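Working notes for the structure below.
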Amino acid sequence: MSLGTRFDSEGTLVSEESVTREAVSGGLAALAFASFIVGVLSLFQYLPVDTAVAGFTVSTLMGGGLTLVGAGTVVLGLASYAGRFETSPGHTGGVASAVFVGLLWSAVGGLVAAQTLGLSTLWPAVALLMGGVGAGVALVAREDLGVTLSAGLFVLLSGLVVVTGVVGPGWRWDPNGFSIVATGTVGVPVIALFAGLVGAWVAARVYGGFGAQGRQTGAYVLVGTNAAGMLALLVAVVSFIVVRGWGPMTEGVRYGLYWGPVTWFNPPVLDTWVIVEGPILWFYWPFVMEGYGLNIPIDGVLPAIAGTFWLVVGAIVFAVPLGVGAAVFLTEYAEQGRFTFLVEISTNGLWSTPSIVYGLFGLAFLVPRLGNTPSLLSGQLVLGFMLLPLVVITSRESLKSVPDEYRDASAALGVSRWETIKSVVLPAAMPGVVTGVILGVGRIAGETAPILLVTTSSPFSADVAGVIQGGFSFVSSFPFVTVPTLDLVQSSNALPYQLFAIIGAGLGENLDFAWGTALVLLLVVMSFYAVGIASRVYFRRKLNA
Amino acid sequence: MSESTPQSQNDAQSTTDGATETAADATAGTSAEPGTGAPLDGDAGPDRTTAGETDERLREEWTQYQFAGEPKLSVEDLDVYYGDDHAIQSVSMDIPRNSVTALIGPSGCGKSTFLRSLNRMNDRINSARVEGSVELDGEEIYQDGVDLVELRKRVGMVFQAPNPFPKSIRDNVAYGPRKHGELRTGLVARLLGRDDSEAEAELVERSLRQAALYEEVEDRLDDNALGLSGGQQQRLCIARCLAVDPEVILMDEPASALDPIATSKIEDLIEELAEDYTVVVVTHNMQQAARISDQTAVFLTGGELVEYDDTDEIFENPESQRVEDYITGKFG
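The following block contains the structure:
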């Protein structure tokens, strides 16, 4: 046995493929990954832990899989230590791995000591001891032995606990001193996905044959599984909403063709009406084309959609020119120093200010000055205030990232600073500015608190805020236009507020309308994103085409 | 002169750090040798110089260069400071019209700073302070009331790294004249019947031809300029500079980021340009200076102009020992 220091180990350029090791450890990694995936699925109740599959419950299968992974990796590690496989282990498992494994074992030790053994004040000592042993094994022993023993035994233990039913579907745990209750339906999946992650990591390290290659494979699997888990979470959230909301949202959709007049005209020579008839498509989607009212068969959210749309558009129209202008001044004109630093700090602070604070400001300052009633305009302004700091921050960053060479080149051609900003600097910064606006729209479109305070009066409205039509007409006397009902200063509804109101109205279990509203809100925000991303692509292509 | 010490490591440094020349000029120049205060009349104590340079005093007659006709640019006692750093020390030189003047010298000797003070680009650096006088056709450019737009239209500049705008080739060339209001294109001009599209096309073609680029890009004038190769980009920058019809073209190591073929194209171009324009070119490459320039000014450490004369004189029969050491590669 060599000590495995890098001085006495002979490196091989072309390693003999250790087929058995790779096949076994690859299989174990796949098994661990499967356990992770099943854990995620059962955590979200798609595959509850007591479901019977092929005569076993999901819980038993996960426990068995983890037991196999734990035992397998330990055996592989021992075999590698005994020289059965050609591996290139380092002389230590590495500090980061040791810390990681140490934390795992101290958690195990602490839980067992405090809850199973009931050691009231001694449990930290046990936790520390277990953690120290786990970390020490990983740190002191040669890599193949240390990593597989410390982490593999953890996976083995987790698997055994689940497969023997110590923590099974019927398990119930209300820890002393905490007012929470853990049940098997949550406990088993959590153990499975966590131990699955650890198992996949150890198996991948074995697969890579330890050493640098093993660490690389281990890290790759760990990071990859992490990313997969994150994606799974996002997909779960979105599909949850889609599944629940699709039915209510599409209820009563009807469409068809009818024969009718397509166009008509009165040619001067013929002096008679020519009517061209043809098939006309009709389409009725009550959920997004109707308001909320007693005489409407299927209630809809059109007023809320219109309200959200106008709120976002108004906020963008208000905040983007102001924000970009401020960013241009701060970046291109103002002396970089204490003042700009102060402005930067305060814009960052404003961006993280809670929205209810903005709402309160709007209620106290804007609403009394804009007709003393909740209004669309107040909402637009408040959301604009909220959007402003982000636009300033991101525009400033993207203006700063425009190379100085462009400014120098333009100045050397005798072009003034403003012209340079207008035709070189701003176009180059546009994609970044648009990215900032996209991020900001995501936040303000879903904002409930300020809307609640400054824009809405009734949670279930039947009327659409008609900002464009609004009774607008031209007249012959000054000021030549008249708007009898200016909807900008009328109250309006908005999707997030509507959602909040439905849930708050105590509709109980019948939350279909809420799910439908949530899905529509998601779609509205996404269509704003789509517009933003399309314009970013457009500006970027203009720079690089 | 006294002994000349063997060549130092400066050699290796100067050939590689061309990319940072401007920055090096700005800061490293004098901060590295804080005591380099060589007065022109040379009656102070012995000068301190960088390792490898011979210890000698400057003589005024080395920088006296006689030529026929009025100078295009006339620099008198120019001092440039970056904060506390004295980057250019009392430089005086006259630059004849329609010729190529090369400025050579080791890294950090202030030649780029000197060049940038000829069209007041140093104004763009906050810490820079300029004293002395620069006259363009007898008019002082460092006085109140100078129109920087007009000055920079007359004195154009090409930078070390090609810096085309992320726009089409046509837009790059037409950028200056459009912004100066000499070319009116776009919706308003079209509506008013004052569309200068034809004039613009002509100008773009002429400028690109002058920069020896037209044949290579004539069928893709609307493509983005960033898609061109480095050498083409640099010639595009020259075309962009020519489009505003300057009288003087300042070039700050225009070929240092380019491969040999692109470099030789740029060099040919510079020689052609000298027939109509006054070209001042900073270069690191002494062979390049010898090939393309009519007269050469040698700047040495500390921002002093050491010698200024016909290029042949400088390279074959330099008066200063330090200049001889420099051009023969003993230091720098």
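Note that the protein sequences, when read in sequence, are chains G and P. Counting in this note's numbering, the first sequence runs from 1 upward without gaps. Counting in this note's numbering, the second sequence runs from 1001 upward without gaps. For each residue, glycine too, the CB sits at the ideal point set by N, CA and C. Source: prediction; values computed, not measured.
Residue j beta carbon less than 8 Å from that of residue i
i: G/PRO169; j: G/THR57; result: yes
i: P/VAL1158; j: P/ILE1249; result: yes
i: G/ALA428; j: G/LEU543; result: yes
i: G/TYR284; j: G/VAL253; result: yes
i: P/GLY1132; j: P/LEU1078; result: yes
i: G/GLY63; j: G/GLY159; result: yes
i: G/VAL223; j: G/ILE191; result: no
i: P/LEU1121; j: P/TYR1308; result: Before going further, note that residue 1121 of chain P is Met rather than Leu in the sequence given. For P/MET1121 and P/TYR1308, no; Cβs fall outside 8 Å.
i: G/VAL198; j: G/ALA29; result: no
i: G/ALA445; j: G/THR308; result: yes
i: G/LEU413; j: P/GLY1231; result: no
i: P/VAL1134; j: P/LEU1148; result: no
i: P/GLU1253; j: P/VAL1280; result: no
i: G/VAL454; j: G/LEU363; result: yes
Residue i burial status per 10 Å Cβ neighbour count (16 or more: buried)
i: G/SER457; result: exposed
i: G/ALA514; result: buried
i: P/GLU1021; result: For P/GLU1021, the predicted model reports a pLDDT of 42, less than 50, meaning its position is unreliable and no value from the coordinates is stated.
i: P/PHE1331; result: buried
i: G/ARG541; result: exposed
i: G/TYR255; result: exposed
i: G/MET230; result: exposed
i: P/ILE1088; result: buried
i: G/THR272; result: exposed
i: P/PHE1114; result: buried
i: G/TRP171; result: buried
i: G/LEU553; result: Residue 553 of chain G lies beyond the stretch modelled for chain G, which goes from 1 to 545, so this question has no answer here.
i: P/ASN1163; result: buried
i: G/PRO297; result: exposed
Residue i, DSSP secondary structure in three states
i: P/ARG1129; result: strand
i: G/ALA192; result: helix
i: P/LYS1072; result: strand
i: G/PHE85; result: coil
i: P/THR1296; result: strand
i: G/ASN493; result: coil
i: G/TRP310; result: helix
i: G/PHE44; result: coil
i: G/PRO268; result: coil
i: P/ASN1317; result: coil
i: G/ALA52; result: strand
i: G/ASN348; result: helix
i: P/ALA1411; result: Absent from the structure is residue 1411 of chain P, since the part of chain P shown begins at 1001 and ends at 1332.
i: P/GLU1061; result: helix
i: P/ASN1285; result: coil
i: P/VAL1155; result: strand
i: P/PRO1260; result: helix
i: P/VAL1334; result: Any answer about residue 1334 of chain P is impossible in this case: the structure gives chain P only from 1001 up to 1332.
i: G/VAL433; result: helix
i: G/VAL262; result: strand
i: G/TRP171; result: coil
i: P/GLU1216; result: helix
i: G/LEU511; result: coil
i: G/LEU302; result: helix
i: G/ILE356; result: helix
i: G/GLU332; result: helix
Beta-ladder partner(s) of residue i, from DSSP
i: P/PRO1166; result: DSSP lists no partner for P/PRO1166.
i: G/TRP282; result: G/GLY256
i: P/LEU1078; result: P/VAL1091
i: G/ALA127; result: Partner(s): none; G/ALA127 has no beta bridge.
i: P/ASN1224; result: P/SER1168
i: G/PRO368; result: G/PRO368 is not bridged to any residue.
i: P/GLU1140; result: P/GLU1135
i: P/ASP1252; result: P/VAL1282
Contact list for the region 396-420 of chain G against chain P, Cβ threshold 7 Å
With the criterion set as a beta carbon lying under 7 Å from some beta carbon of chain P, the members of the region 396-420 of chain G are GLU405, TYR406, ASP408, ALA409, ALA411, ALA412, LEU413, GLY414, VAL415, SER416, GLU419, in sequence order.
Select from the region 1152-1172 of chain P all residues with a C-beta closer than 7 Å to any C-beta belonging to chain G, and list them in chain order.
Only ARG1152, LYS1153, GLY1156, MET1157, PHE1159, ALA1161, ASN1163, PHE1165, PRO1166 from the region 1152-1172 of chain P bring a Cβ to less than 7 Å from some Cβ of chain G.
Residues of the region 421-441 of chain G with Cβ closer than 8 Å to any Cβ of chain P, in chain order:
From the region 421-441 of chain G, only SER423, VAL424, PRO427, ALA428 have a Cβ closer than 8 Å to chain P.
Which residues, in order along the region 1178-1190 of chain P, keep a beta-carbon less than 8 Å from a beta-carbon of chain G?
Taking a C-beta cut-off of 8 Å against chain G, the contacting residues of the region 1178-1190 of chain P are LYS1179, HIS1180, listed in chain order.
What are the residues of the region 1206-1233 of chain P that lie near chain G, defined by any Cβ-Cβ distance shorter than 8 Å?
Correct list: ASP1223, ASN1224, LEU1226.
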